[in-house]
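Following: one structure in structure tokens, then a few remarks.
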Amino acid sequence: MKKLKTLAVMAMGIGLLVGCFPKASEVIRSLPVENKKQILAKYSPEQIETGETLFANNCAKCHKLKAAEGHTPEQWNSILKRMIPKAKLNDEDGQLVRAYIIVNAKQ
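Note that the UniProt record's numbering numbers the sequence shown so that position 48 is 48, with each residue one more than the last.
Below, the structure is given as structure tokens:
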């Protein structure tokens, strides 16, 4: 009986932890890998600049900022799908950060 209670408490704890872990929204997860030309056609210079500010203000809270040129758009796409939810950015802000990063990524 004691083992059953212990297992039930552990299962509830694990369920709580998994439920609280930030997940990328469907919008962020579904974004295709875009190249610089596609991003520049989609976003204005002002939006790209806003993405840079959001990147600097949100990402540096938890770790040293990585240079956008350090990764390809494909690599950044994978990284950002994990990090945007952790930074608690909404879809619009997450897309602006992503636009800034891809425009400045290693080509």
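Each residue gets a CB set at the ideal place from its N, CA and C atoms; glycine is no exception.
If you draw a straight line from the Cα of E26 to the Cα of K5, it is about 36 Å long.
Counting every other CB atom within 10 Å of its CB across the protein chains shown gives M1 a total below 16, marking it as exposed.
Closest by C-alpha distance to V97, out of P32, S30, T53 and N35, is T53. Take K61, set aside five residues on each side of it, and the residues of its chain with a beta-carbon closer than 8 Å to its own are A87, in chain order. The Cβ neighbour count for P32, taken over all protein chains shown within 10 Å, is under 16; the residue is labelled exposed.
Taking the Cα positions, H71 is about 21 Å away from L89.
One alpha carbon belongs to K81, the other to I28, and they sit about 6 Å apart. Excluding its 5 nearest sequence neighbours in each direction, V103 has C-beta neighbours in its own chain below 7 Å: K36, I39, L40 and I48, listed in chain order.
For A56, the enclosing alpha helix (DSSP H) stretches over residues P45 to C59.
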